[in-house]
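One structure below.
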Amino acid sequence: MPLVTMTELLEKAEHGKYAVGAFNCNNMEIIQAIVAAAEEENAPVIIQASQGAIKYAGLDYITAMVKTAAENTDIPIALHIDHGTSFEQVMRCIRRGFTSVMIDGSKLPLEENIALTNKVVEVARAVGVSVEAELGKIGGTEDDISVSEWEASLTDPEEAKVFVEATGVDALAIAIGTAHGQYKGEPKLDFDRLKRVRELVDIPIVLHGSSGVPADSIRKAIELGVRKINIDTNLREAFVNRAREVMAEKPDEIDPRKILGPARDAMKEVIKEKIRLFGSSQKA
């Protein structure tokens with residue numbers, strides 16, 4: 001089926017009180033793993049490309065592969081850019097056929113973030129593309145910051161209200177204690193902050209940096225209004241670990257398919273687990 005918008009998927013998730021998994025892709029095998037998992041679980045999915053993925057695989061390659069995958073399945077799939085950092089880059093993705101974009105102005109002062117986001121929203125609305133924005137700093141797990149700095153980086157619920165009212169975005173990524181990359185310890189999420197944001201903001205909430213977050217915390221976040229959950233690191237771990245195992249078991253193997261195939265299958269199983277955790281299984 002043709003690609004769908006993020007908004008279409010998240011509106012259904014809001015009604016059903018579940019979350020849709022947003023899985024990062026970098027190559028053909030990863031896209032195949034995401035779609036196969038979604039088919040086996042009969043679940044909607046968001047396939048997203050990061051800055052690094054676009055640099056590695058190329059925008060045209062990623063777009064073509066995801067469109068091909070969508071056309072050959074009955075599963076609803078949205079194609080999304082993750083952390084678009086400029087108006088120009090987001091426009092390139094829209095021109096290529098992305099059905100959803102994220103403009104990340106979170107490092108800018110509030111008014112500048114609003115202005116940049118509004119510029120993207122104006123164009124995206126005209127062509128039926130969904131827009132996600134970000135408020136607060138979702139850092140990397142390697143960031144060495146103090147408690148006071150950490151708290152200052154989290155999303156201010158009152159600012160979230162102002163931001164959403166000023167921009168009309170379709171979804172908002174907020175910082176409540178998650179981080180990108182591998183966690184050194186167990187992440188502590190600020191659920192009171194999430195609850196307050198949800199009371200003030202009537203749009204789907206997005207949780208970035210969700211790999212490594214305990215299942216109970218994920219379930220609670222969904223109960224409090226999170227409708228899109230980003231997963232990347234756990235997928236990479238599954239893929240690379242299985243590839244390493246195969247190469248260790250068969251050091252003379254030179255057929256990439258016999259290394260990447262098992263890695264793809266291992267990733268698929270992790271994605272299926274996430275889909276079930278998010279409550280989106282059988283929701284396609």
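At position 256 of the sequence shown (counting the first as 1) the number is 256 in the numbering used here, and the numbers step up by one without a gap. By construction, the Cβ of each residue, glycine as well, lies at the ideal position given by its N, Cα and C atoms.
Contacts around residue i, its chain only, beta-carbon distance under 6 Å, and the 5 residues preceding and following it disregarded
i	result
glycine 279	Tyr18
valine 226	Ala19, Ile205, Leu207
Opening and closing residue of the alpha helix (DSSP H) in which residue i lies
i	result
glutamine 282	That residue, glutamine 282, is in no alpha helix (DSSP H); it is neither H nor E in DSSP.
aspartate 192	191-200
methionine 1	It is not in any alpha helix (DSSP H) - methionine 1 carries neither H nor E in the DSSP assignment.
proline 157	157-167
aspartate 60	59-71
Residue i - partner residues in DSSP beta bridges
i	result
asparagine 24	Gln48
isoleucine 205	Leu172, Val226
8 Å Cβ cutoff met for residue i and residue j
i	j	result
methionine 6	alanine 70	no
arginine 96	threonine 68	no
asparagine 234	alanine 22	no
aspartate 74	serine 50	no
leucine 108	leucine 116	yes
valine 164	isoleucine 222	no
valine 127	isoleucine 77	no
lysine 272	alanine 37	yes
arginine 242	alanine 263	yes
alanine 43	alanine 284	yes
Cβ shell of residue i (< 8 Å), same chain only, five flanking positions each side left out
i	result
threonine 155	Leu135, Gly136, Ile174, Ala175, Ile176, Arg193, Val197
arginine 276	Glu41
glutamate 132	Met6, His80, Ser100, Val101, Met102, Ile103, Val169, Asp170, Ala171, Leu172, Ala173, Val206, Lys228
aspartate 60	Arg96
Short CB-CB distance (under 8 Å) between residue i and chain D
i	result
leucine 189	Looking for chain D here will not work: only one protein chain is present.
Residues near residue i by beta carbon distance below 7 Å, same chain, minus five either side
i	result
isoleucine 31	Cys25, Ile47, Met65, Val66, Ala69
glutamate 149	Caution applies to glutamate 149, whose pLDDT of 46 falls short of 50 and renders its modelled position unreliable; the model cannot decide the point.
lysine 119	Phe87
isoleucine 114	Phe163, Ala166, Thr167
histidine 15	none
alanine 53	Asn24, Cys25, Asn26, Ile62
methionine 28	Met65
aspartate 232	Asn24, Ser211
valine 270	Asn234, Leu235, Ala238
serine 146	Below a pLDDT of 50, predicted positions are generally treated as unreliable, and serine 146, at 37, falls in that range; no measurement from the model is reported.
| Every unbroken alpha helix (DSSP H) within the region 78-144, with a cutoff of 4 residues, ordered by chain | Segments of the alpha helix (DSSP H) lying fully in the region 78-144: 87-96, 110-126.
| said: Going residue by residue through the region 213-238, where are the continuous beta strand (DSSP E) segments of at least 3 residues, counting only ones entirely within it? | reply: 226-231
| message | Just to confirm the assignment: which complete alpha helix (DSSP H) runs, minimum length 4, are found wholly within the region 243-267? | response | none
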